[in-house]
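Chemist:
There are 2 protein chains.
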Amino acid sequence: MNKGLLFVLSGPSGVGKGTVCKALLKKMPDLIYSVSATTRQPRIGETDGVNYFFKSREQFMQMIEEDQLLEYAEYVGNYYGTPRDFVERTLEEGRDIILEIEVQGALKVKEKFPDGIFIFLLPPSLDELKDRIRGRGTENDHVIDHRMNVAVEEIALMANYDYAVVNDEIDLACERIESIVIAEHCKIEPNE
Amino acid sequence: MNKGLLFVLSGPSGVGKGTVCKALLKKMPDLIYSVSATTRQPRIGETDGVNYFFKSREQFMQMIEEDQLLEYAEYVGNYYGTPRDFVERTLEEGRDIILEIEVQGALKVKEKFPDGIFIFLLPPSLDELKDRIRGRGTENDHVIDHRMNVAVEEIALMANYDYAVVNDEIDLACERIESIVIAEHCKIEPNE
Chain A
1 MNKGLLFVLS
11 GPSGVGKGTV
21 CKALLKKMPD
31 LIYSVSATTR
41 QPRIGETDGV
51 NYFFKSREQF
61 MQMIEEDQLL
71 EYAEYVGNYY
81 GTPRDFVERT
91 LEEGRDIILE
101 IEVQGALKVK
111 EKFPDGIFIF
121 LLPPSLDELK
131 DRIRGRGTEN
141 DHVIDHRMNV
151 AVEEIALMAN
161 YDYAVVNDEI
171 DLACERIESI
181 VIAEHCKIEP
191 NE
Chain B
1 MNKGLLFVLS
11 GPSGVGKGTV
21 CKALLKKMPD
31 LIYSVSATTR
41 QPRIGETDGV
51 NYFFKSREQF
61 MQMIEEDQLL
71 EYAEYVGNYY
81 GTPRDFVERT
91 LEEGRDIILE
101 IEVQGALKVK
111 EKFPDGIFIF
121 LLPPSLDELK
131 DRIRGRGTEN
141 DHVIDHRMNV
151 AVEEIALMAN
161 YDYAVVNDEI
171 DLACERIESI
181 VIAEHCKIEP
191 NE
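Quick mapping for you: the protein sequence lines, in order, are chains A and B. Residue numbers in the first sequence follow full-length UniProt numbering, run continuously in steps of one, and reach 192 at the last position. Residue numbers in the second sequence follow full-length UniProt numbering, run continuously in steps of one, and reach 192 at the last position.
Below, the structure is given as structure tokens:
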């Protein structure tokens with residue numbers, strides 16, 4: 001049996017990774033979503049093992065120590081990471097898996113899975129990204145400027161990715177990613 | 001303006017390249033079909049410049065001499081070739097072009113357009129291919145065996161291609177090729 005393919009969907013904060021990933025999983029029921037581990041508290045409606053694997057700080061630190069995470073990061077006082085075991089088991093079973101993660105984390109995953117397919121989700125323009133970040137409503141100008149600077153730095157890392165997909169419309173972005181998944185399955189490896 | 005992409009659809013004789021290409025062009029009106037030059041007589045319903053560029057033997061020989069053909073071959077006493085000029089103009093205009101050609105010709109095009117995207121159309125199985133060749137009706141067993149041997153040799157050349165697409169159903173094969181076209185447009189070049 002062939003191993004599954006590892007897809008990583010990443011891009012700057014505010015670009016719409018979560019929304020696109022959700023729509024994609026609806027369209028492609030065979031694609032498995034890589035559930036992240038986190039130390040943050042579950043929100044109402046979130047289920048352990050579906051939205052996140054909810055862990056105590058101690059459990060999370062142990063996962064780091066035992067190299068059980070492909071990547072992890074701290075964000076607003078909480079830890080988030082990608083459990084290695086679930087990814088590896090899914091691929092061994094011959095199923096494709098998709099990771100929806102931040103840009104820095106994606107680059108760490110690339111060190112461990114150089115054969116993964118790395119997709120960078122782009123805003124239609126930087127103005128549009130600013131609007132989207134502003135649209136969340138809760139941020140002040142200083143926070144927005146900081147996020148924009150981070151986004152520009154992250155976009156500069158796009159050269160490390162395999163594909164760039166513009167998120168102009170969710171349906172179009174999904175169609176492009178679905179095409180990438182189909183095309184990658186048709187690819188002939190140079191050393192085959 | 002970005003240059004268009006060059007796609008080459010190839011595969012063993014009998015695999016259904018022509019049928020798939022025709023269906024694909026219907027589905028993707030922006031894709032330009034590379035019209036071949038030939039010395040054979042037009043058949044009823046064929047139009048010069050649409051189905052083929054019909055040339056005299058002298059004209060064809062001159063095109064070869066002037067390096068106006070990306071590839072050419074003799075088949076049952078007639079010459080067939082791909083005019084370079086039409087391909088280059090289409091790409092310069094920023095439009096994608098598709099060449100539907102034999103395996104040997106595709107490898108010659110690859111020497112001249114290493115950045116082209118080479119798609120190998122595969123039969124679902126060798127038995128299926130034999131049935132399709134036999135299905136044309138006019139061939140005797142000796143001719144069928146010869147064609148099968150050639151097909152097996154051609155399939156061995158698949159490693160020189162970028163993608164393999166199984167022609168199990170025309171619609172599915174078209175969908176895969178359309179996905180390859182979309183994905184290739186999202187690709188980030190390593191040296192960008």
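We put the beta carbon where it would ideally sit given N, CA and C, even for glycine. Computed from a prediction, not measured in an experiment: that's the story for all the values here.
Near Glu189(B), which residues of its chain fall below 7 Å by C-beta distance, leaving aside the five closest residues on each side in sequence?
Modeler: By one-based count along the second sequence, residue 189(B) stands at place 189. Counting only Cβ-Cβ distances below 7 Å, and skipping sequence neighbours, we find nothing.
Chemist: Is there a Cβ from chain B that is less than 8 Å from the Cβ of Ala106(A)?
Modeler: Residue 106(A) sits at position 106 when you count from the first residue of the first sequence. So no, Ala106(A) is outside the interface.
Chemist: Are the C-beta atoms of Cys174(A) and some chain B residue less than 8 Å apart?
Modeler: Mapped onto the first sequence, residue 174(A) falls at position 174. False, the Cβ-Cβ gap to chain B never drops below 8 Å.
Chemist: Let me make sure I understand the geometry here. Which of Asn149(A), Pro124(A), Arg132(A), Gly135(A) has the alpha-carbon closest to that of Ala164(A)?
Modeler: Your numbering for residue 164(A) matches position 164 in the first sequence. Of the candidates Asn149(A), Pro124(A), Arg132(A), Gly135(A), the one whose C-alpha sits nearest the C-alpha of Ala164(A) is Pro124(A).
Chemist: Pairing CB atoms from the segment 7 to 23 of chain B with CB atoms from the segment 167 to 186 of chain B, are three or more of them under 8 Å?
Modeler: Output reads yes: the segment 167 to 186 of chain B touches the segment 7 to 23 of chain B.
Chemist: How is Val76(A) classed by DSSP in three states: helix, strand or coil?
Modeler: Within the first sequence, residue 76(A) is the residue found at index 76, counting from 1. The answer is coil: DSSP assigns Val76(A) none of H, G, I, E or B.
Chemist: Among the residues of its own chain, which have a CB less than 7 Å from the CB of His146(A), if the five just before and after it don't count?
Modeler: In the first sequence, residue 146(A) corresponds to position 146, counting from 1. Cβ neighbours of His146(A) beyond the five flanking positions: none.
Chemist: Roughly how many angstroms lie between the CA atoms of Ile97(B) and Met63(B), to the nearest whole one?
Modeler: Indexing the second sequence from 1 puts residue 97(B) at position 97. Indexing the second sequence from 1 puts residue 63(B) at position 63. Using only the alpha carbons, I get a separation of about 21 Å.
Chemist: Short check: CB of Leu9(B) to CB of Leu121(B), under 8 Å?
Modeler: Your numbering for residue 9(B) matches position 9 in the second sequence. Your numbering for residue 121(B) matches position 121 in the second sequence. Their beta carbons are under 8 Å apart, which means Leu9(B) touches Leu121(B) by this criterion.
Chemist: Measure the Cβ-Cβ separation of Lys17(B) and Glu71(B) and say whether it is below 8 Å.
Modeler: Start at 1 with the first residue of the second sequence, and residue 17(B) comes out as number 17. Start at 1 with the first residue of the second sequence, and residue 71(B) comes out as number 71. Against a cut-off of 8 Å, the Cβ pair of Glu71(B) and Lys17(B) comes out as no contact.
Chemist: Taking C-alpha atoms, which residue in Ala173(B), Gly14(B), Glu65(B), Phe113(B) lies nearest to Lys130(B)?
Modeler: The residue you call residue 130(B) lines up with position 130 of the second sequence. Comparing Cα-Cα distances from Lys130(B) to each of Ala173(B), Gly14(B), Glu65(B), Phe113(B), the minimum goes to Gly14(B).
Chemist: So what does DSSP say about Lys55(A), is it helix, strand or coil?
Modeler: The count along the first sequence starts at 1 and reaches residue 55(A) at position 55. Looking at Lys55(A) - three-state DSSP - the assignment turns out to be coil, as it is neither helix nor strand.
Chemist: Mind checking Asp44(A): buried by the 16 CB within 10 Å criterion, or exposed?
Modeler: The residue labelled residue 44(A) in the question sits at position 44 within the first sequence. A small correction: the amino acid at residue 44(A) is Ile; Asp does not occupy that position in the sequence shown. So Ile44(A) ends up on the exposed side.
Chemist: Look at the alpha carbon of Val35(A) and the alpha carbon of Asp48(A), and state the distance between them as a whole number of angstroms.
Modeler: The residue you call residue 35(A) lines up with position 35 of the first sequence. The residue you call residue 48(A) lines up with position 48 of the first sequence. Whole-angstrom Cα-Cα distance: 9 Å.
Chemist: Taking C-alpha atoms, which residue in Leu91(A), Phe118(A), Gly94(A) lies nearest to Gln104(A)?
Modeler: Here residue 104(A) refers to the residue found at position 104 when the first sequence is read from its first residue. Nearest option by C-alpha distance: Phe118(A).
Chemist: Interface residues of chain A around Ser179(B) at Cβ under 7 Å?
Modeler: The residue labelled residue 179(B) in the question sits at position 179 within the second sequence. By Cβ distance, chain A contributes Ser179, Ile182, Ala183.
Chemist: Report the partner residues of Ala164(B) according to the DSSP bridge assignment.
Modeler: For the purposes of this step, residue 164(B) is taken as the residue at position 164 of the second sequence. Note: Ala164(B) sits in a beta bridge opposite Phe120(B).
Chemist: With 16 other CB atoms within 10 Å as the buried threshold, where does Met61(B) fall?
Modeler: Locating residue 61(B) in the second sequence gives position 61, counting from the first residue. Per the 10 Å Cβ criterion, exposed.
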